[in-house]
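Notes follow the structure.
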Amino acid sequence: MAKKSMVNREVKRAKLVARDAAKRAALKEVINNQELPMEDRFKATLKLASLPRNGSAVRLHNRCQLTGRPHAYYRKLKLSRIMLRDLASFGQIPGMVKSSW
């Protein structure tokens, strides 16, 4: 089980990313527009840099929904490998059986 503080930090980051997404997209559009003057593009770069770092989508990290484990994460199921195995062993995931040979 991951520390609650780490899981809460990720939740806080997700909220910031959702809040700042439109602002960041608009500023990036201005920065990448080659037809605008260099001064305007530089001002947009400074505004983007002044936004909180945790509002950037690349700061998010996938975590298991049940345990909060950050490693060995399956995106489709939103679970770590350990919880996937446990749930499959108990028959909680339809169509999945633990292999044995």
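Numbering (this note's numbering), first residue to last: 8 to 108. Note that beta-carbon positions come from the ideal geometry of N, C-alpha and C, so glycine has one too. These figures come from a predicted structure and were not determined experimentally.
Rounded to whole angstroms, what's the CA-CA distance from residue i to residue j? Just pull it up for me.
i, j, result
"Ala25", "Ala33", "14 Å"
"Val37", "Arg48", "6 Å"
"Met103", "Ala95", "6 Å"
"Lys83", "Ser106", "20 Å"
"Lys50", "Glu17", "30 Å"
Do residue j and residue i have their beta-carbon atoms positioned less than 9 Å apart in this structure?
i, j, result
"Leu86", "Leu67", "no"
"Arg92", "Val14", "no"
"Lys30", "Leu53", "no"
Can you list, in chain order, the residues of its chain with a C-beta nearer than 7 Å to that of residue i? Leave out the 5 residues immediately preceding and following it.
i, result
"Ser12", "none"
For residue i, which residues of its own chain have a beta-carbon under 6 Å away from its beta-carbon, when the five flanking residues on both sides are left out?
i, result
"Ala64", "Val24"
"Asn61", "Arg20, Leu23"
I'd like the list of long-range same chain contacts for residue i, defined as Cβ closer than 8 Å, with 5 residues on each side in sequence excluded.
i, result
"Ala79", "Ser87, Arg88, Ile89"
So residue i is in the alpha helix (DSSP H); what residue range does that whole segment cover?
i, result
"Arg48", "45-57"
Run through DSSP, which three-state label would residue i get?
i, result
"Leu86", "strand"
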